[in-house]
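A quick write-up on the structure given underneath.
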Amino acid sequence: MSGTFKRNSNKKDEQLQKFRSNDRDKKMTTNQGLPVSEDEFSLKAGERGPTLMEDFHFREKMTHFDHERIPERVVHARGYAAHGEFELYESMKDYTKAKFLQKPGSKTPVFVRFSTVVGSRGSGELARDVRGFATKFYTEEGNYDLVGNNIPVFFIQDAIKFPDLIHAVKPEPHNEIPQAATAHDTFWDFVANNQESAHMIMWAMSDRAIPRSFRMMEGFGVNTFRFINEEGKAFFVKFHWKPLLGVHSVVWDEAQKLNGKNPDFHRQDLYESIEKGDYPEFELGVQIINEEDEFMFDFDILDPTKIWPEEDVPVKIIGKMTLNRNVDNVFAETEQVAFHPGNVVPGIDFTNDPLLQGRLFSYTDTQLIRLGGPNFHELPINRPVCPFHNNQRDGYGRQTINVGQVSYHNNSLAKNTPSPASEEDGGYVHYQEKVDGRKIRARSDSFKDHFSQAVLFWNSMSNAEKEHIKNAFSFELGMCKEKTVRQQVVDMFANVSLELAQAVAKNVGVVPPETGGSSMTKASPALSQENTVKKPDTRKIAVLISEGFDQRAGEIIGELKKKGTQPVIISEEQGLVDEENGMAIEADHTFLTADSVLFDAVYVVGGAKMSEKFQQDASYFVKEAYSHYKPIGATHQGKHLLDMNKLTGNAGVVTGDDAGNFVEKFVEAVAEHRFWERKIL
Ligand code: HDE
1 MSGTFKRNSN
11 KKDEQLQKFR
21 SNDRDKKMTT
31 NQGLPVSEDE
41 FSLKAGERGP
51 TLMEDFHFRE
61 KMTHFDHERI
71 PERVVHARGY
81 AAHGEFELYE
91 SMKDYTKAKF
101 LQKPGSKTPV
111 FVRFSTVVGS
121 RGSGELARDV
131 RGFATKFYTE
141 EGNYDLVGNN
151 IPVFFIQDAI
161 KFPDLIHAVK
171 PEPHNEIPQA
181 ATAHDTFWDF
191 VANNQESAHM
201 IMWAMSDRAI
211 PRSFRMMEGF
221 GVNTFRFINE
231 EGKAFFVKFH
241 WKPLLGVHSV
251 VWDEAQKLNG
261 KNPDFHRQDL
271 YESIEKGDYP
281 EFELGVQIIN
291 EEDEFMFDFD
301 ILDPTKIWPE
311 EDVPVKIIGK
321 MTLNRNVDNV
331 FAETEQVAFH
341 PGNVVPGIDF
351 TNDPLLQGRL
361 FSYTDTQLIR
371 LGGPNFHELP
381 INRPVCPFHN
391 NQRDGYGRQT
401 INVGQVSYHN
411 NSLAKNTPSP
421 ASEEDGGYVH
431 YQEKVDGRKI
441 RARSDSFKDH
451 FSQAVLFWNS
461 MSNAEKEHIK
471 NAFSFELGMC
481 KEKTVRQQVV
491 DMFANVSLEL
501 AQAVAKNVGV
511 VPPETGGSSM
521 TKASPALSQE
531 NTVKKPDTRK
541 IAVLISEGFD
551 QRAGEIIGEL
561 KKKGTQPVII
571 SEEQGLVDEE
581 NGMAIEADHT
591 FLTADSVLFD
601 AVYVVGGAKM
611 SEKFQQDASY
621 FVKEAYSHYK
631 PIGATHQGKH
641 LLDMNKLTGN
651 AGVVTGDDAG
661 NFVEKFVEAV
671 AEHRFWERKI
681 L
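Reminder that position 135 of the sequence shown reads as 135 in full-length UniProt numbering, one-by-one numbering, no gaps.
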């Protein structure tokens with residue numbers, strides 16, 4: 001097998017190299033290795049006659065094609081992935097004996113797949129939805145999978161309800177409408193009649209559900225896991241990924257338009273960032289609770305509809321993941337990767353979180369149908385980087401050729417090998433938690449408070465974020481045909497905030513609740529995106545430029561690049577645009593192939609010879625960006641365009657001709673990302 005080594009290689013990459021095949025400059029053969037002499041015409045009885053059965057090349061080619069598709073994931077079907085590495089900052093040996101968490105500076109290869117949950121494999125990526133954030137660590141002790149989401153809680157408390165939740169949220173079965181959307185009756189009927197979903201719904205209606213980029217989302221393990229150290233002491237742990245670029249979102253109108261303008265917006269953003277060397281980075285954090293403190297909180301720490309507020313249980317940052325290599329083949333890697341929260345290493349164990357317990361069954365089960373048999377661990381992307389030996393044999397698509405006579409334990413013929421390892425030798429020993437109870441189908445009383453943390457979330461939002469939540473509810477319920485469903489949901493969320501419920505009721509035409517709300521005032525600042533990291537880095541700036549532009553604009557564009565932003569030149573036509581003194585700049589896009597929703601900010605340069613058409617298109621562009629609260633800058637003739645559209649002087653609108661001053665102010669605005677205080681015209 002051949003192929004070139006890619007940059008940022010690691011142990012997993014070296015392993016994958018053995019499976020890569022490059023067809024370039026090769027002669028064509030059948031899958032049997034037989035050289036093919038003709039690939040245009042099937043074998044026929046006469047030039048105008050029927051195709052012959054004996055045409056093995058045609059049969060093989062067509063049969064393989066006919067079988068190219070596999071079932072998409074039942075949830076998280078649309079996803080995109082990248083390779084990278086995880087580097088440990090500080091040893092976690094006081095808490096866990098997991099080898100990859102011992103030595104500061106040690107690096108572990110990772111593969112991460114981001115996804116939406118609801119839509120099918122071809123759906124738009126800007127759906128209002130939870131994002132999957134699944135990481136496979138290829139450790140020396142086997143694969144460890146941290147299969148998380150970008151929202152830290154879940155809709156339900158017990159895995160047995162997962163099929164119901166997903167049936168309710170997927171397109172309705174009688175007409176398969178709507179695609180990749182929660183805005184329909186069955187979903188909201190589920191919510192109102194399964195009120196444990198309240199907290200998660202608050203997150204799903206917030207800006208978190210429409211991220212700007214996979215690179216700008218947090219990740220959460222959601223379920224409570226256990227760390228166990230060398231001495232056998234156990235701790236409860238929750239996992240967090242924190243993006244170094246901060247947590248950022250788009251606005252809903254923008255999201256909907258993006259799904260049309262570029263349904264691949266998120267994957268393209270990830271792919272291009274990695275190709276450019278702007279590697280996405282996430283720090284790994286852990287929240288740790290001592291075993292003896294299990295019952296110290298006013299919520300059950302095993303309840304997956306609850307967070308551990310960061311202000312109460314701090315997030316300890318322990319390492320950083322850098323995604324630095326795109327896949328070679330999306331099907332082979334991204335589609336065939338199989339994650340499982342049950343893939344753990346010694347030092348990491350499960351808890352009785354009832355959602356986690358059910359997940360431990362579901363993931364292998366679903367891989368069996370999706371990947372067609374029990375040998376999916378042999379697929380290159382799923383193989384651990386350490387050796388694996390056991391007595392499992394055969395099955396569809398088996399690749400390993402197990403040699404020898406023995407495939408059972410105990411045996412004498414192979415000296416009783418492969419033999420289980422003792423705990424000291426790295427054998428996985430389950431934590432010996434004492435469990436004592438009657439068999440019972442019930443939910444613990446400690447899981448029954450569904451609203452306190454929904455209130456905490458609401459209390460923690462900025463005014464702009466609260467407005468977005470009201471609007472999101474109003475959109476979603478507004479799309480429900482059944483008034484009774486709308487009413488039930490509004491009544492339910494009166495338990496969270498009367499202000500919220502009344503505003504939504506008014507918008508969706510149902511009776512506003514008169515009582516409700518909560519007297520709780522506690523807030524968690526870490527929940528608001530207003531308090532996130534704000535940087536100009538990798539922000540895309542649309543530069544609107546026309547014939548006869550001021551030569552100083554070229555310098556400004558150069559300065560903007562130096563500050564880490566990414567200017568993209570847009571003009572009436574692709575190709576060279578002349579500046580006033582005869583120099584020229586190359587336009588990357590026209591108003592036809594670019595749109596304001598594809599950018600984070602706009603810089604209007606204009607030009608001495610702006611045509612009427614340019615002015616019209618640029619006005620539309622800039623006004624749309626303005627209505628999405630984005631930073632807008634203008635110099636030289638561009639300022640007239642802003643004046644014409646009455647945008648000058650508003651929040652986040654920066655104008656000037658002094659290059660240094662302008663760049664500084666504009667880049668500051670770009671880092672701010674959005675100006676919510678802006679009055680929309
Ligand atoms: Fe999943 N989930 N899930 N889930 N999940 C799947 O496994 C399931 C849950 C998550 O990029 C499936 O391989 C049950 C929580 C991600 O390949 C399936 C329950 C969280 C991905 C499954 C949950 C997740 C999946 C479908 C409730 C955040 C995509 C395809 C008990 C912590 C992984 C597959 C990828 C995928 C079951 C709830 C995250 C059906 C039964 C909570 C990121 O096995």
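Ideal Cβ positions, reconstructed from N, Cα and C, are used throughout, including at glycine.
With contacts defined by Cβ atoms closer than 9 Å, T108 and F137 form a contacting pair. In the displayed model, S460 falls within a helix according to three-state DSSP. Nearest neighbour of N326 by Cα position, chosen from P354, L302, Q336 and S273, turns out to be S273.
Contact between E476 and T182 is confirmed by a C-beta separation of about 6 Å, below the 8 Å threshold. At a cut-off of 8 Å, the beta-carbon of F214 does not count as near the ligand HDE: no heavy atom of the ligand is closer than that.
For K170, the secondary structure class from DSSP, reduced to helix, strand or coil, is coil. For the stretch 188-274, the continuous alpha helix (DSSP H) assignments of 4+ residues that do not extend past its boundaries occur at 198-204 and 252-261, in sequence order. Look at R383: its beta carbon is at least 8 Å from all of the heavy atoms in the ligand HDE. Within a 10 Å sphere around the beta-carbon of M28 sit fewer than 16 other beta-carbons, which makes this residue exposed.
Positions of the alpha helix (DSSP H) runs, each at least 4 residues long and wholly inside the stretch 347-400, are given as 354-370 in order along the chain. Between T51 and F225, the C-beta gap is not smaller than 9 Å, which leaves the two residues out of contact. Cβ neighbours of R552 within its own chain (closer than 8 Å, five residues either side excluded): T635, H636, D657 and A659.
Within a 10 Å sphere around the beta-carbon of N382 sit 16 or more other beta-carbons, which makes this residue buried. Under the three-state reduction of DSSP output, I570 falls in the strand class.
G84 counts as buried, since at least 16 other C-beta atoms from the protein chains shown sit within 10 angstroms of its C-beta. Uninterrupted beta strand (DSSP E) stretches at least 3 residues long and entirely within the stretch 32-116 occur at 79-88 and 107-116, given in chain order. V429 is classed as exposed because its beta carbon has fewer than 16 other beta carbons within 10 Å across all chains shown. Within the same chain, Cβ atoms closer than 7 Å to the Cβ of L16 are found at P380, the five residues on either side in sequence being excluded.
Under the criterion of beta carbons closer than 8 Å, I307 and V153 qualify as touching, at roughly 6 Å.
When the beta-carbon positions are compared, R208 and D269 stay at least 9 Å from each other. Spatial neighbours of S213 in its own chain (CB-CB distance under 6 Å, excluding positions within 5 residues in sequence) are listed in chain order as D269. Taken through DSSP and simplified to helix, strand or coil, L498 comes out as helix. Sequence-distant Cβ neighbours of E465 in its own chain, meaning closer than 8 Å and more than five residues away, are S206, D207, S528, Q529 and E530. By the beta-carbon neighbour count (other beta carbons within 10 angstroms, threshold 16), R78 is buried.
Annotation for M644: Q615 and S619 place their beta carbon closer than 8 Å to its own, counting only its chain and skipping 5 residues before and after. At the C-beta level, L146 and G221 come within 9 Å of one another. Between the stretch 360-373 and the stretch 228-235 there are fewer than three C-beta pairs closer than 8 Å, too few to call the two in contact. Judged by the Cβ position, A255 fails to qualify as a neighbour of the ligand HDE at the 8 Å threshold, every heavy atom of the ligand being at least this far. The stretch 434-448 and the stretch 180-194 do not touch, with fewer than 3 CB-CB distances between them shorter than 8 Å. The beta carbon of V118 is closer than 6 Å to those of D129, V169 and A180 in its chain, skipping five residues each way along the sequence.
Cα atoms of A523 and N459: separation of roughly 5 Å, rounded to the nearest angstrom. Y363 has its Cβ nearer than 8 Å to a heavy atom of the ligand HDE. Comparing C-alpha distances from G638 to each of F41, K11, V543 and A338 shows the shortest one belongs to V543. For G373, the shortest C-beta to heavy atom distance toward the ligand HDE is 8 Å or greater.
DSSP, read as helix, strand or coil, puts E579 in strand. Proximity of the beta carbon of P304 to the ligand HDE is indicated: a heavy atom of the ligand is located closer than 8 Å.
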